[in-house]
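Student: Just so we're aligned, residue 209 is where the sequence shown starts under this note's numbering, counting upward by one.
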Amino acid sequence: MADLIIVAFPDEATAFAAGEALVALQKQYLIEMEDVVIVTRDDEGRVTLNQSVNLIKGGAIGGGMWGTLIGLLFLNPVVGAAVGAGAGALMGKFSDIGIDDDFLRDVGQSLDKGGAAVGMLVRKITTDKVYEKLEPFREKGRVIHTSLDHDAEARLKVFLEKVPPLHKPHDQLGGGRE
Numbered sequence: 209m210a211d212l213i214i215v216a217f218p219d220e221a222t223a224f225a226a227g228e229a230l231v232a233l234q235k236q237y238l239i240e241m242e243d244v245v246i247v248t249r250d251d252e253g254r255v256t257l258n259q260s261v262n263l264i265k266g267g268a269i270g271g272g273m274w275g276t277l278i279g280l281l282f283l284n285p286v287v288g289a290a291v292g293a294g295a296g297a298l299m300g301k302f303s304d305i306g307i308d309d310d311f312l313r314d315v316g317q318s319l320d321k322g323g324a325a326v327g328m329l330v331r332k333i334t335t336d337k338v339y340e341k342l343e344p345f346r347e348k349g350r351v352i353h354t355s356l357d358h359d360a361e362a363r364l365k366v367f368l369e370k371v372p373p374l375h376k377p378h379d380q381l382g383g384g385r386e
């Protein structure tokens, strides 16, 4: 079973850098993710989902390969490839794997304008090594949703969130302010 983790950042650049760092950690086999999505909210309030996997392109490629093979059987591989690519792209457009897009759009609406968040479904993680590699993001984010147990979530918050002095008011990310 995968755990859902969503972390807000004050700007898009930091969120995209964190997403890239997570993908690099996956290539090093330190984390195994089913999905990672960068959610951005621009200055006008529009929310954009930046998926890690382009399902339409992947569907078209896979459909084109299968269409070519089927076309070879009927002695017309070009038509088979075209029909297969079209069918694959259509299936990719209507497929939604990973984190639910509607949920992510709701998360995006809660972000500050100009803010961003990284949403990920994590299957497996080598926590100490991942934290070590994500040191550049220490105290730069805010955990806004997880399905982790209370102890793991608390450790993640200690790592990512800057704890303000008690006597000063502080700005919270994810407030959906103007």
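Where is the CB? At the ideal position from N, CA and C, for every residue including glycine.
Owing to the predicted nature of the structure, the values given are computational and were not obtained by experimental measurement.
CA-CA distance, L233 and K321?
Tutor: What you label residue 233 is simply residue 25 of the sequence shown in a count that begins at 1. What you label residue 321 is simply residue 113 of the sequence shown in a count that begins at 1. Rounded to the nearest angstrom, the two C-alpha atoms are 29 angstroms apart.
Student: Thinking C-alpha only, which one of I333, E340, R249 and R350 is nearest Y237?
Tutor: For this step, residue 237 is matched to residue 29 along the sequence shown. Taking only the C-alpha atoms, the option nearest Y237 is I333.
Student: Should R249 go down as buried or exposed, given a rule of 16 or more other Cβ atoms within 10 Å for buried?
Tutor: On the sequence shown, position 41 is the one that residue 249 refers to. Flag for R249 reads buried.
Student: From E242 to I352, what distance separates their C-alpha atoms?
Tutor: On the sequence shown, position 34 is the one that residue 242 refers to. On the sequence shown, position 144 is the one that residue 352 refers to. The alpha-carbon atoms of E242 and I352 are separated by roughly 19 angstroms.
Student: Please report how far the alpha carbon of K265 lies from the alpha carbon of E252, in whole angstroms.
Tutor: Within the sequence shown, numbered from 1, the residue matching residue 265 stands at position 57. Within the sequence shown, numbered from 1, the residue matching residue 252 stands at position 44. Any reading at K265 is ruled out, since the residue's pLDDT is 47, under 50, leaving its predicted position unreliable.
Student: With a 10 Å radius around its C-beta and 16 neighbouring C-beta atoms as the bar for buried, classify E220 as buried or exposed.
Tutor: What you label residue 220 is simply residue 12 of the sequence shown in a count that begins at 1. Buried, since its Cβ has 16 or more Cβ neighbours within 10 Å.
Student: Between the C-alpha atoms of A223 and G323, what's the straight-line distance to the nearest angstrom?
Tutor: Mapped onto the sequence shown, residue 223 falls at position 15. Mapped onto the sequence shown, residue 323 falls at position 115. Computed Cα separation, rounded: 9 angstroms.
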